[in-house]
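Notes for the one structure printed next.
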Amino acid sequence: MSVVAPTPENIAKAAQVLRDGGLVAFPTETVYGLGGDATQDSAVEKIYAAKGRPSFNPLIVHVGGVDWVADIAQPDARFDSLVRAFWPGPLTLVLNRHTQCAVSKIVSAGRDSIAVRMPDHPVAHDLLMATQRPLAAPSANRSGFMSPTEAAHVLTSLDALPEMIIDGGQCRVGLESTVLDLTQTTPAILRPGSITREQIEAVIGPVSFGRDDPLAPKSPGQLASHYAPGLPVRLNATEVNAGEVLVGFGPVKGALTLSLAGDLAEAAANLFAVLRQADNTTLYNGIAVAPVPELGVGLAINDRLRRAAAPRNTAS
Ligand code: TXA
Ligand code: MG
Numbered sequence: 002m003s004v005v006a007p008t009p010e011n012i013a014k015a016a017q018v019l020r021d022g023g024l025v026a027f028p029t030e031t032v033y034g035l036g037g038d039a040t041q042d043s044a045v046e047k048i049y050a051a052k053g054r055p056s057f058n059p060l061i062v063h064v065g066g067v068d069w070v071a072d073i074a075q076p077d078a079r080f081d082s083l084v085r086a087f088w089p090g091p092l093t094l095v096l097n098r099h100t101q102c103a104v105s106k107i108v109s110a111g112r113d114s115i116a117v118r119m120p121d122h123p124v125a126h127d128l129l130m131a132t133q134r135p136l137a138a139p140s141a142n143r144s145g146f147m148s149p150t151e152a153a154h155v156l157t158s159l160d161a162l163p164e165m166i167i168d169g170g171q172c173r174v175g176l177e178s179t180v181l182d183l184t185q186t187t188p189a190i191l192r193p194g195s196i197t198r199e200q201i202e203a204v205i206g207p208v209s210f211g212r213d214d215p216l217a218p219k220s221p222g223q224l225a226s227h228y229a230p231g232l233p234v235r236l237n238a239t240e241v242n243a244g245e246v247l248v249g250f251g252p253v254k255g256a257l258t259l260s261l262a263g264d265l266a267e268a269a270a271n272l273f274a275v276l277r278q279a280d281n282t283t284l285y286n287g288i289a290v291a292p293v294p295e296l297g298v299g300l301a302i303n304d305r306l307r308r309a310a311a312p313r314n315t316a317s
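Heads up: the sequence shown runs through residues 2 to 317, numbered per my numbering.
In structure tokens, the structure reads:
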């Protein structure tokens, strides 16, 4: 395993590792991904094993261009409008699989659908173009833990490290992409992210929140406990209890803060790195987090925080 700079030589090497069926962790604008050639069953199996990921939780396929999707899935008019507005960018779209789809069925975890996204990061883009394969890439952390937003985070929780980690510095967005299911008549947000419901509705009209609709299929990855640090998490804290570390936001000052200025985009970018810093069992016995407004990207921040605070289960 090596952590390398994103030079053209290293990207060419990484592309070869991927074509040979190996795994490479790489930066995207959201979080670091654990990438493997989506067309090779054995590469996809390695991803599930390295993450300890349940086999029922499907992976996102990353593409280097919108035109790659035509061979993989069945895009429709809503897809076309959305990618014109938001790609490359942090919006994952779930579509019906193409009948001749070359992507491993394991990626879809037994479903007829497939999730695709075109990341907005020069390193991810160069790697995809050099590899010329769709890359399956979940966040590069052990299933159930916090996502990595720096190269060093990738080293901390996986069961097996990838052959290469490409260091692209800190991820700009810091929260995983918004996942939108387009296989239903009314599209459903399965995972909130920095691209908000309002932004999506401005392009394609009404969408639902998967979570709110009991009839909508749940995103299989959206287990109650997720994104969890080792220490217990207490939400909406305005004061610190004995033994806790307070993670502040805006006017609520803590030993650490998501954003002193109360800026939601900054809080999203800092969330996982700050939770990792707070997760120090020698100094503390719990993490208290200040209230974050349920507005814009605040919805996605609170989604992650609620899962980080949820009772831990063994299924994740
Ligand atoms: O920002 C991101 O999306 C990052 C970077 C690396 O691109 N990737 C990421 O992947 O967060 P992962 O595997 O940690 O999360 C994928 C989410 C899961 O909630 C999964 O259940 C959902 O997407 N998903 C994938 N394929 C799906 C499908 N066919 N139907 C429904 N949900 C799907
Ligand atoms: Mg993840």
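Here a beta-carbon is modelled for each residue, glycine too, at the ideal position from N, C-alpha and C.
{"Asked": "Sequence-distant residues of its chain with Cβ nearer than 8 Å to residue 304 (five each side left out)", "Found": "192 and 193"}
{"Asked": "Endpoints, beta strand (DSSP E) assigned at residue 245", "Found": "245–249"}
{"Asked": "Contact between the region 61–75 and the region 85–99 (3+ Cβ pairs under 8 Å)", "Found": "yes"}
{"Asked": "Among 102, 49, 313 and 89, the one whose alpha carbon lies nearest that of residue 226", "Found": "313"}
{"Asked": "Helix, strand or coil at residue 237 [DSSP, three-state]", "Found": "coil"}
{"Asked": "Beta carbon of residue 40 nearer than 8 Å to that of residue 114", "Found": "no"}
{"Asked": "Contact test: residue 294 Cβ vs ligand 1 heavy atom, cutoff 7 Å", "Found": "no"}
{"Asked": "Reference residue 319, options 237, 60, 286 and 162, closest by Cα", "Found": "Outside the modelled stretch of the chain, which goes from 2 to 317, sits residue 319, for which no answer is possible."}
{"Asked": "Spatially closest choice to residue 196 from 269, 286, 33 and 101, by CA coordinates", "Found": "269"}
{"Asked": "Outcome for residue 310 when other beta-carbon atoms lying within 10 angstroms are tallied against a minimum of 16", "Found": "buried"}
{"Asked": "Within 8 Å, strictly: CB atoms of residue 18 and residue 119", "Found": "no"}
{"Asked": "Supposed close pair residue 260, residue 273 - CB separation, criterion 8 Å", "Found": "So it is not a contact: roughly 14 Å between Cβ atoms."}
{"Asked": "Which residues DSSP lists as bridging residue 63, in chain order", "Found": "118 and 136"}
{"Asked": "Residues near residue 33 by beta carbon distance below 6 Å, same chain, minus five either side", "Found": "26, 141, 149 and 155"}
{"Asked": "Proximity test, residue 182 beta-carbon vs ligand 1 heavy atom, cut-off 7 Å", "Found": "yes"}
{"Asked": "Cβ-Cβ separation, residue 289 to residue 241 (assumed contact under 8 Å), whole Å", "Found": "6 Å"}
{"Asked": "Expected contact under 8 Å - CB spacing of residue 37 and residue 47 to nearest Å", "Found": "6 Å"}
{"Asked": "Own chain partners of residue 295 with C-beta closer than 8 Å, once the 5 adjacent residues on each side are dropped", "Found": "303"}
{"Asked": "Exposure label - residue 254; buried when at least 16 CB within 10 Å", "Found": "exposed"}
{"Asked": "Residue closest to residue 52, alpha-carbon to alpha-carbon, out of 160, 105 and 16", "Found": "160"}
{"Asked": "For residue 177, the nearest candidate out of 146, 66, 63 and 30 (CA to CA)", "Found": "30"}
{"Asked": "Closest Cα partner of residue 57 within the set 211, 107 and 134", "Found": "107"}
{"Asked": "Short Cβ contact (8 Å threshold) for residue 7 with residue 172", "Found": "no"}
{"Asked": "Of the listed residues 22, 15, 20 and 175, nearest to residue 275 (C-alpha basis)", "Found": "175"}
{"Asked": "Secondary structure of residue 191, DSSP reduced to three states", "Found": "strand"}
{"Asked": "Rounded C-alpha distance that separates residue 54 from residue 66", "Found": "27 Å"}
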